[in-house]
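Just so we're aligned: 148 in the working numbering is position 146 of the sequence shown, and the numbers increase by one with no gaps anywhere. Where a beta carbon is used, it is the ideal one built from N, C-alpha and C, also for glycine.
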Amino acid sequence: MPHQTGAENVHAIQYHQHTLILLDQRKLPHEETYLHFKNASGIATAITDMVVRGAPAIGISAAFGIALEARLQINLPALNLRDAFTVLAASRPTAVNLFWALKKMKEAMNDCASLNMSEQVAFLEETAHTILNDDIKNNHIMGDLGASLIDSGSQVYTHCNAGALATGGYGTALGVIRSAHAQKKITHVYAGETRPWLQGARLTAWELMADNIPVTLSCEGAAGQLLRQGSVKWIIVGADRVSSNGDVANKIGTYNLAVLAKYHDVKVMVVAPSSTFDLSIESGDLIPIEARDEHEVTHIQGIQMAPKACPAINPSFDITPRELIAAIVCEQGIILEPNKEKIMAMLGNTEKESR
Ligand code: MRU
Numbered sequence: 003m004p005h006q007t008g009a010e011n012v013h014a015i016q017y018h019q020h021t022l023i024l025l026d027q028r029k030l031p032h033e034e035t036y037l038h039f040k041n042a043s044g045i046a047t048a049i050t051d052m053v054v055r056g057a058p059a060i061g062i063s064a065a066f067g068i069a070l071e072a073r074l075q076i077n078l079p080a081l082n083l084r085d086a087f088t089v090l091a092a093s094r095p096t097a098v099n100l101f102w103a104l105k106k107m108k109e110a111m112n113d114c115a116s117l118n119m120s121e122q123v124a125f126l127e128e129t130a131h132t133i134l135n136d137d138i139k140n141n142h143i144m145g146d147l148g149a150s151l152i153d154s155g156s157q158v159y160t161h162c163n164a165g166a167l168a169t170g171g172y173g174t175a176l177g178v179i180r181s182a183h184a185q186k187k188i189t190h191v192y193a194g195e196t197r198p199w200l201q202g203a204r205l206t207a208w209e210l211m212a213d214n215i216p217v218t219l220s221c222e223g224a225a226g227q228l229l230r231q232g233s234v235k236w237i238i239v240g241a242d243r244v245s246s247n248g249d250v251a252n253k254i255g256t257y258n259l260a261v262l263a264k265y266h267d268v269k270v271m272v273v274a275p276s277s278t279f280d281l282s283i284e285s286g287d288l289i290p291i292e293a294r295d296e297h298e299v300t301h302i303q304g305i306q307m308a309p310k311a312c313p314a315i316n317p318s319f320d321i322t323p324r325e326l327i328a329a330i331v332c333e334q335g336i337i338l339e340p341n342k343e344k345i346m347a348m349l350g351n352t353e354k355e356s357r
């Protein structure tokens, strides 16, 4: 049963009257601005520019991008969505949910090819809605599964934002935190601020405060000292891509936390729907890591912090090796101490079915 919380009111992605409406996450928490989109290239730019972010949310938005582009072609003799698929696929490289959703839309296109144009467009819109609704359903399932691993009275730490804003709703890591808090198992959440985009400070703190879940912000460098004090029991994060051996790509800084967690005997839980697994990739070393503009590191809100011309690195994600992960929670079940055998046993068939 979905828990009735403030999360129910956070809608980062809405589709009304053949328009995709995205909450501009760059402006949160101080401004709630909604941007309207009617074509694929606008949505691709919104993904690249971080209007919408978070692996599942990126995939859902791209699916609506395909449906919208189809609607623009409703009076043509046939659909030609090749450019739409290309521009959306180029919007961000790491989150596999994007490519998963585009594959679902391509399959839907093939499935409805014999229908008339308005039926094809309606079918693609319906498929995008199904991707959105299934994501929310899966988040509630994962919320309860993940909560079952947490003991009463626990404090937890989360990184970046894997909440309602990053998904269709409710969240993956924050879904577990919401469910466990509703079950009175979590007493306190620490949110890492997450440089350089501050998803933890701007988005996770905002979501948890809206739900009256006690949250304290921590700058990244404070995590070691915090874990050393011994009250944090779990680090709970989302993922952008999980390779078939259980390595996890997630927001830059996740790996640091997992190494610290190992030293301090804190467990790491990764919460990710099956759409985040890439079983075609053997290990995390093969996951493409997005390198974003160095200005995101050298500047803060347009103001230069580093000396002029100082070079900076800005990898958006890192790889946490499976050995550092206590559990991966997916809607199909919990994988403790993940490895290839366990992942294939749980998800191998899902992959084949979707081919
Ligand atoms: O760069 P972002 O904000 O898209 O990165 C988001 C993350 O790394 C999340 O942890 C991940 O996508 C999971 S969201 C449920």
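Check: Is K40 helix, strand or coil when you go by DSSP?; Outcome: coil
Check: Taking Cβ positions only, does G232 come closer than 8 Å to chain B?; Outcome: Annotation note: the requested chain B is absent from the structure, which comprises a single protein chain.
Check: With a threshold of 7 Å (Cβ to nearest heavy atom), would S150 be considered close to the ligand MRU?; Outcome: no
Check: Is it true that the CB of I237 sits closer than 8 Å to the CB of S318?; Outcome: no
Check: Taking R94 as part of the beta strand (DSSP E), name the residues at either end of that continuous run.; Outcome: First-last for R94: undefined, no H or E at that position.
Check: Residue range of the alpha helix (DSSP H) that K264 falls in?; Outcome: 256-265
Check: Quick check on DSSP: helix, strand or coil for P58?; Outcome: helix
Check: Excluding five sequence neighbours on each side, which residues of the same chain lie with their C-beta closer than 7 Å to the C-beta of Y257?; Outcome: D320, I321, T322
Check: Answer yes or no: do T132 and N163 have a C-beta to C-beta separation smaller than 8 Å?; Outcome: no
Check: Run through DSSP, which three-state label would L424 get?; Outcome: Outside the displayed range of the chain (3 to 357) lies residue 424, so it cannot be described from this structure.
Check: Which residue from A91, G8, G155, H32 puts its Cα closest to that of I49?; Outcome: A91
Check: By how many angstroms is the C-alpha of W199 removed from the C-alpha of Q303?; Outcome: 10 Å
Check: How many angstroms separate the CA atom of H13 from the CA atom of L219?; Outcome: 23 Å
Check: Beta carbon of G361: closer than 7 Å to some heavy atom of the ligand MRU?; Outcome: Residue 361 is absent from the structure shown; the chain starts at 3 and stops at 357.
Check: Which partner residues does M271 have in the DSSP bridge list?; Outcome: I238, A329
Check: Between A263, P340, N41, which lies nearest to V89 when the distance is taken from Cα to Cα?; Outcome: N41
Check: Check whether the Cβ atoms of A149 and Q185 sit closer than 8 Å, and answer yes or no.; Outcome: yes
Check: Could you give the distance in angstroms between the alpha-carbon of G248 and the alpha-carbon of E222?; Outcome: 25 Å
Check: By the three-class DSSP mapping on this structure, what secondary structure does R243 have?; Outcome: strand
Check: Work out the CA separation of Q227 and K105 for me, nearest whole Å.; Outcome: 44 Å
Check: Where does R324 fall in DSSP's three states?; Outcome: helix
Check: Would C332 and A293 be called neighbours here (beta carbons separated by less than 8 Å)?; Outcome: no
Check: For T196, is the classification buried or exposed, using 16 other Cβ atoms within 10 angstroms of its Cβ as the cut-off for buried?; Outcome: buried
Check: Using a threshold of 7 Å, is the CB atom of C162 nearer than that to any non-hydrogen atom of the ligand MRU?; Outcome: yes
Check: Take every Cβ of the region 166-173, pair it with every Cβ of the region 124-141, and state whether three or more of those distances are shorter than 8 Å.; Outcome: yes
Check: On the DSSP bridge list, what partners appear for A193?; Outcome: T160, L219
Check: Helix, strand or coil for H5 per DSSP?; Outcome: Only weak support is given to the placement of H5: the predicted model assigns it a pLDDT of 46, under 50, and the value that follows is read from those uncertain coordinates. H5: coil per DSSP, three-state reduction.
Check: For V272 versus V250, is the C-beta spacing smaller than 8 Å?; Outcome: yes
Check: Go through its chain and collect everything with a Cβ distance to G350's Cβ below 8 Å, but skip five positions before and after it.; Outcome: L281
Check: In or out: R357 buried (at least 16 other Cβ within 10 Å) or exposed?; Outcome: Legend: pLDDT at R357 = 38, less than 50; position of this residue unreliable, no value from coordinates given.
Check: Select from D146, G240, A203, H20 the residue whose C-alpha is nearest the C-alpha of V123.; Outcome: H20
Check: Work out the CA separation of G240 and E71 for me, nearest whole Å.; Outcome: 30 Å
Check: Quick one: residues in its chain with C-beta nearer than 8 Å to the C-beta of R28, no 5 flanking neighbours on either side, listed in chain order?; Outcome: D51, M52, V53
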